[in-house]
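Have a look at the structure below before the remarks.
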Amino acid sequence: MNGFLRGRESTKRHIIERLRHLRQVFVNSPFFQRHEVIGSSILIIYDEEKAGVWMIDFAKTVPFALWGQSYP
């Protein structure tokens with residue numbers, strides 16, 4: 001991350017905070033406790049003033065019971 005942010009400590013702290021929050025959302029989510037997330041991505045966007053972190057690409061998310069039937 002240091003290579004991308006080049007001394008933007010405030011932005012780096014905000015992104016790390018958002019990543020930790022996102023992790024807690026996943027850990028505490030009943031949906032994600034019962035589903036396999038396949039091929040999703042983390043989108044990080046930042047500029048001089050703001051930074052944001054989002055999970056995207058949930059098209060291949062399947063319930064654990066179905067995993068292996070549709071996807072190897």
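Mapping of the sequence shown onto our numbering: position 5 corresponds to residue 5, and the numbering continues sequentially without gaps.
Just so it is clear, CB atoms sit at the ideal spot from N, CA and C, and this is done for glycine as well.
This one's a predicted model, so the numbers in the text were calculated from it and none came from an experiment.
Backbone secondary structure at residue i - three-state DSSP
i	result
Ser41	strand
Gly52	strand
Own chain residues within Cβ distance below 7 Å of residue i, not counting five before or after
i	result
Leu22	Val53 and Met55
Lys12	Met1 and Leu5
Chain-order list of residues whose beta-carbon lies under 8 Å from that of residue i (same chain, five-residue window excluded)
i	result
Arg34	Pro63 and Phe64
Ala51	Thr11, His14, Ile15, Arg18, Ile44 and Ile45
Phe58	Val37 and Ser40
Beta-carbon proximity check, residue i vs residue j, cutoff 9 Å
i	j	result
Tyr46	Arg20	no
Sequence-distant residues of the same chain with beta carbon closer than 6 Å to residue i, five excluded per side
i	result
Ser10	none
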